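See structure below.
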Amino acid sequence: MIKFIKRNKDKIAIAFSIFLLEINPVFASESLSQPLDGFENLCLNQENLSLETKKTFDLLLGITQTKDCKTANKILSLQTQLNLSGYGIKDLSPLSYFSQLQILYLSGNQISDLTPLANLTNLKGLVLDVNQIRDLTPISSLTQLETLILDTNQINDLTPLGGLKNLKNLVLFDNQIQDITPLKSLVALKKLSLYGNQIKNITPLQSLIKLSYLALYDNQITNLTSISNLTHLKQLLLFNNQIADLTPLASLTDLKQLTLFDNQISDIRPLATLTNLTELSLGNNPISDLTPLQALRNLKILSLFNAPVSDITALQELTQLITLDLYNTKVSDSRPLQSLTNLTGLDLRGNPLTEPSCPVKTNLTCRF
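Counted the way mature numbering (1 follows the signal peptide of the UniProt record, and there is no 0) counts, the sequence shown spans residues -28 to -1, 1 to 340.
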């Protein structure tokens, strides 16, 4: 009787084990072997992957130069940098297993869903330009990011970026951005590119006092007051906006490059304080008086194309000039330029010159 009971207990135990295995395959694998890493498991079941997932998976497997799943997983788990740019991938899910990544290049693909990147919290650099991205929510958790490249997408809401306080370099040009309020908290930023959007109000930028490079061209900006305190700026690109008043720029005395062509500027007196400028572009503005420029003795590149300028006497002191663009202005006398012996490029085309000859006799490319 005892043997009968024991045999039945054994049968019950075996039956129960089989029951568990049938209803819970995970229990079976965990009880019989060590659990597989995510990518290794993906690899072993690759025949079940969707076409888009398989495409990304194959790229990753190709990087490892092995078809052994365990070895491939080990190799990829040691990578801190991956470049999957230009392959037309859509599905990022195979990347979700590699939280050790610090730099990830994904330019020129067809990515719209960033969800698989949410747990890659060690990322310091993420490059996602030229994709089909609208929603940035998944990358709000990537608080270690220092460089984020998102240009040429379909982004209009920057709210998820507000918590990325370690960002130093942010590129968002050629999107559909109007409101830049979420950027006001990114006080570590040093370089910011926002050109080619629909931005009118730049007030949120006033807190970004560490900026050294700011690109805001091809927008709808009229008022520059908010950037008057960004005194670390060295490069400021503002062309093709609706700017008339340059007064806020007078305090930006560290500026070396300033581009302001295609605006509505007539008074350039505020620029007289910017004596560190080496490059200045003022073309296609209703400027006639160049007197404020005579203090800018460090200028090497000056562009005044399509400006109604006739008197260029103020330029004769700018002896460091290498390139001078006076295309289609109203200059009739080029003799004030004779002192500019460092010139290597001079454009005087489209002017009513009384003596159409090169004013400087050096190795100069002179167009008139």
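Yeah, the Cβ is synthetic: ideal placement off N, Cα and C, and Gly gets one too. Predicted model only: the values in this text are computed from it and were never measured.
Counting along the chain, E24 sits inside the alpha helix (DSSP H) bounded by residues L23 to T36.
With a contact defined as Cβ atoms closer than 8 Å, T291 and G317 miss out at about 15 Å. Each residue's CA atom was taken as its position, placing K172 and S311 some 42 Å apart.
Of the candidates L161, L144, L130 and Y189, the residue whose Cα lies closest to the Cα of N103 is L144.
Annotated three-state conformation of E327 is coil, per DSSP.
Distance check between Q74 and each of N213, N91 and S200 places N91 closest, using alpha-carbon atoms only. Between L158 and L188 the beta-carbon gap is near 15 Å, outside 8 Å, which marks them as no contact. Assignment of Q310 by DSSP, reduced to helix, strand and coil, places it in the helix class.
Distances from the CA of T28 to each of L78, F211, S200 and L208 were compared; the closest alpha carbon is that of L78. For A216, the secondary structure class from DSSP, reduced to helix, strand or coil, is coil. DSSP, reduced to helix, strand and coil, places A187 within a strand of the structure shown. In this structure T153 does not touch P132 by the C-beta definition: roughly 13 Å separates them, more than the 8 Å allowed.
Between K162 and N141, the CB-CB gap stays under 8 Å. Between the alpha carbons of D129 and Q150 lies a distance of about 8 Å. As summarised for the segment 59 to 146, the continuous beta strand (DSSP E) elements at least 3 residues long and confined to that stretch are 75 to 77, 97 to 99, 119 to 121 and 141 to 143, given in chain order. In this structure, the CA atom of F11 is about 14 Å from the CA atom of E19. Per the DSSP secondary-structure output, D234 pairs with nothing in a beta bridge. In the structure shown, the three-state DSSP call for L155 is helix. Minimum Cα-Cα distance from S253 among the listed residues I273, Q236, L262 and R269 corresponds to I273.
One Cα belongs to A216, the other to R339, and the distance between them is close to 30 Å. Taking C-alpha positions only, D297 is separated from D319 by approximately 5 Å. Distance between P220 and S282, taken at the CA atoms: about 27 Å. Shown here, N55 sits in a strand according to DSSP, grouped into three states.
Scanning its chain for C-beta atoms nearer than 8 Å, with the 5 sequence neighbours on each side dropped, one finds around L155 the residues L130, L133, G134, L142, L161, L164, P176, L177 and L180, in chain order. In its chain, beyond the 5 residues on either side, G60, I61, K62, N103 and Q104 have a beta carbon closer than 8 Å to the beta carbon of Q82. When the five nearest sequence neighbours on each side are left out, the beta carbons in the same chain lying within less than 8 Å of the beta carbon of Y167 are those of F145, D146, A187, L188, Y189, D190, N191 and L209, in order along the chain. By alpha-carbon distance to N138, the top candidate from K96, L108, I174 and T124 is K96. Taken atom to atom, the span from the alpha-carbon of N248 to that of S184 is near 14 Å. Exclusion of the five residues before and after T38 leaves A44 and I47 as the residues of its chain whose Cβ lies within less than 8 Å of its Cβ. Buried is the label assigned to T231, since at least 16 other Cβ atoms lie within 10 Å of its Cβ. Using a 10 angstroms sphere on the CB of N335, the tally of other CB atoms stays under 16, which defines it as exposed. Looking at the backbone, the Cα of T263 and that of T124 are separated by about 40 Å.
For G317, the three-state secondary structure derived from DSSP is strand. Going by C-alpha positions, N169 is about 12 Å away from N212.
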